[in-house]
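Peer 1: Please find one structure pasted underneath; my questions will follow.
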Amino acid sequence: MDVKILKSSFAVAERRAEHTVKFFYAHLFRHHPALRELFPVEDEDMQRQRDRLFAALTRIVGRLHDDGLLPYLHDLGRDHRKYRVAPEHYAAVGTSLRAALAAACGASWTPATEKAWAEAYQVVADAMTDGAARSQDPPWWDAEVVRHLTYGPDTGVLTLLPDAPLPYVPGQYVSVSSDLVPRVWRPYSLGNAPRPDRTVDLHVSRIDGGRLSTALVRRTAPGDRLRLGAPGGRAVLRREGRPISFVAAGTGWAPVRAMLEDLAERPPDAEVRLFVVARDAAHFYDRPVIEALAAGPVRPSVTYITPAPGRHRNQATERLATALGNRGRWPDQDVHLSGPAPFVEEIAHLVRELGADPARVFHDALPYGAGTAGRPRPLGPGEWFLDPPAPHWHDPAARM
Ligand SMILES: Cc1cc2nc3c(=O)[nH]c(=O)nc-3n(C[C@H](O)[C@H](O)[C@H](O)COP(=O)(O)OP(=O)(O)OC[C@H]3O[C@@H](n4cnc5c(N)ncnc54)[C@H](O)[C@@H]3O)c2cc1C
Ligand code: HEM
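In terms of our numbering, the sequence shown opens at residue 1 and continues consecutively.
As structure tokens, then:
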């Protein structure tokens, strides 16, 4: 496989990202109109989301010699079944990908370039279809909402009963989809250790203008059905006898609760510290559970952090920084961070400065620019591998 040709043609297409991605989807949907039905309903945000597929396609092809690629592609193929992607769709996407790249490269697109991309894409598509075919998991898990609690206007805890057992490790998340927002999937952490009745909790914080979070918090009720993708995520307990510091903000508490419940089953010898951050005291929505866990066998020390009265919620992060700085022994700790991406990025940086071992700081993948202004969408389960992040393929201001 000619990696040099792949990279140089990709570099040209990347400079014309906006055109290339539009061409790709226009080509795909013109030649295979039925495939349009697999993607969410069109609007600005959906366009941006769709661009991820294209960005991933091109990025992955540039990393074909990476050791981690094959297991990643197996999982990605397995997970694509929830989008109702079938093996025969891969050829269509490959053809449109090459057509889009050829259009972007113009005269520099040669038969050798065409051959290199066809081969590379085939390797990726084969690995994904192989992963899908070999998976013992269902394409998705149907689940019934059996309880829906709300805490204020913007926080909901949904308890779901999946029709079939959902095997997962505390600290992991699942993609969730609701018929209220067709074909939109978003990741949510699982908020409890596995229970005998196999119910799982999702803690959902409503984002202003957010499609699925609003539907889940405000328009979902017991008896409704949701769909769950395969559990994913690597920010799980290591259980290597080291002391653990958990730092959770907002509904970032969900995976921490799952891990603490798990620790309670087999309490560690080492110390456990818990820092819980909220925009005000009323937002410690799960406080009774935190108190119960604090009194249980793990005995974590608990520090609650809010901004000072009347101060902006960002001040909570400053107060947290002070609290973390006052607590020592960071080089020994396993540190688990969970919450909004900009928060996690900032605290990850801070604990490293305090001496934590970067290899022992665990959190889910962060989107590009998490620590900067703006509201970057978190990375989906299939995107953790795309580091460095994909370029911003969709610029709403650009014109064809
Ligand atoms: C691994 C992982 C685990 C997650 N776990 C949880 C969880 O347990 N509970 C939970 O409530 N959420 C969680 N999220 C976030 C969740 O997946 C969604 O991003 C969030 O609910 C918004 O989705 P939406 O469809 O409502 O908003 P969208 O319609 O996708 O977005 C509307 C607007 O808000 C922006 N936006 C999207 N998401 C965010 C965000 N999180 N912060 C700020 N701006 C955003 C978008 O860029 C867009 O402009 C998790 C994300 C990841 C990657
Ligand atoms: C062979 C190479 C392919 C790669 C590398 C790839 C990669 C990706 C990635 C990384 C995502 C984002 C997933 C996430 O957030 O979890 C995605 C989403 C998606 N992919 Fe693929 N994909 C491929 C093929 C296909 C094919 C053949 C189809 C069928 C038409 C398809 C349909 C979709 C759909 C519908 C989504 C969801 C889009 C959305 O939510 O807006 N993909 N893909």
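The C-beta atom is built at its ideal place from N, Cα and C for all residues, glycine as well. None of these values were measured; they are calculated from a predicted model.
(1) Taking all protein chains shown into account, do 16 or more other C-beta atoms lie within 10 angstroms of the C-beta of LEU149, making it buried, or fewer, making it exposed?
(2) What separation, rounded to the nearest whole angstrom, lies between the Cα atoms of ASP79 and ALA127?
(3) On the DSSP bridge assignment, give the partners of LEU190 in chain order.
(4) Decide if THR155 is buried, meaning its Cβ has at least 16 other Cβ atoms within 10 Å, or exposed.
(5) When the Cα of SER245 is compared with those of TYR25, PRO153, ARG327, VAL145, which residue comes out closest?
(6) Determine which residues share a DSSP beta bridge with ALA248 and list them.
(7) Within the chosen definition, does the region 107-123 reach the region 182-202 through at least 3 CB pairs nearer than 8 angstroms?
(8) On a CA-only basis, which of LEU226, LEU260, ILE5 is nearest VAL298? Give me that one, please.
(9) In the region 273-359, which residue ranges form an unbroken alpha helix (DSSP H) of at least 4 residues, counting only runs that do not cross its ends?
(10) Whole angstroms are fine: how far does the CA of PRO267 sit from the CA of LEU228?
(11) In whole angstroms, give me the CA-to-CA distance for HIS31 and GLY241.
(12) Identify, in the order they occur along the chain, each residue of the same chain with its Cβ nearer than 6 angstroms to the Cβ of THR20, setting aside the five sequence neighbours on each side.
(13) Which of the three DSSP states is assigned to PRO71 in this structure?
(14) Can you confirm whether the region 158-171 touches the region 218-238 when touching is taken to mean that 3 or more C-beta pairs between the two stretches lie within less than 8 angstroms?
(15) Is ILE207 near ligand 1, judged by its Cβ being under 7 angstroms from some heavy atom?
(16) Report all residues from its chain with a CB closer than 8 angstroms to the CB of ILE305; omit the five preceding and five following residues, and keep chain order.
(17) Could you check what DSSP says for TYR121 in three-state terms: helix, strand or coil?
(18) Does DSSP put TRP141 in a helix, a strand or coil?
(19) Using a Cβ distance threshold of 8 angstroms, determine whether the region 123-143 contacts the region 209-216, with at least three qualifying pairs required.
(20) Using a Cβ-based criterion (distance less than 7 angstroms to any ligand heavy atom), does MET259 qualify as near ligand 2?
(21) Alpha helix (DSSP H) containing TYR25: first to last residue?
(22) Under 8 angstroms between the Cβ atoms of HIS363 and VAL344?
(23) Buried or exposed for THR220, going by 16 or more other Cβ atoms inside 10 Å?
Peer 2: The short version:
(1) By the 10 Å Cβ count, LEU149 comes out exposed.
(2) In this structure, the alpha-carbon of ASP79 lies about 13 angstroms from that of ALA127.
(3) Beta-bridge partners assigned by DSSP to LEU190: LEU202.
(4) That one is buried.
(5) Ranked by Cα distance from SER245, the options TYR25, PRO153, ARG327, VAL145 are led by ARG327.
(6) ALA248 is bridged to VAL276, SER338.
(7) No, the region 107-123 does not touch the region 182-202.
(8) The option with the nearest alpha carbon to VAL298 is LEU260.
(9) If we require 4 residues or more, the alpha helix (DSSP H) runs fully inside the region 273-359 come out as 287-295, 315-326, 341-353.
(10) The alpha-carbon separation between LEU228 and PRO267 amounts to approximately 30 angstroms.
(11) Each residue's alpha carbon lies about 56 angstroms from the other.
(12) Excluding residues within five positions, the ones whose Cβ falls inside 6 angstroms are ALA13, ALA100, ALA104.
(13) DSSP, reduced to helix, strand and coil, places PRO71 within a helical segment of the structure shown.
(14) Result yes; three or more Cβ-Cβ pairs closer than 8 angstroms.
(15) Distances from the CB of ILE207 to the heavy atoms of ligand 1 include at least one below 7 angstroms.
(16) The answer, listed in chain order, is PHE275, VAL276, VAL277, ALA278, ALA316, ARG319, LEU320, ALA323.
(17) TYR121 falls in the helix class under three-state DSSP.
(18) Of the three classes helix, strand and coil, the one that applies to TRP141 here is strand, per DSSP.
(19) No, they do not touch.
(20) The answer is no for MET259.
(21) Note, TYR25: alpha helix (DSSP H), 17-31.
(22) In this structure, VAL344 lies closer than 8 angstroms to HIS363 by Cβ.
(23) Buried, since its Cβ has 16 or more Cβ neighbours within 10 Å.
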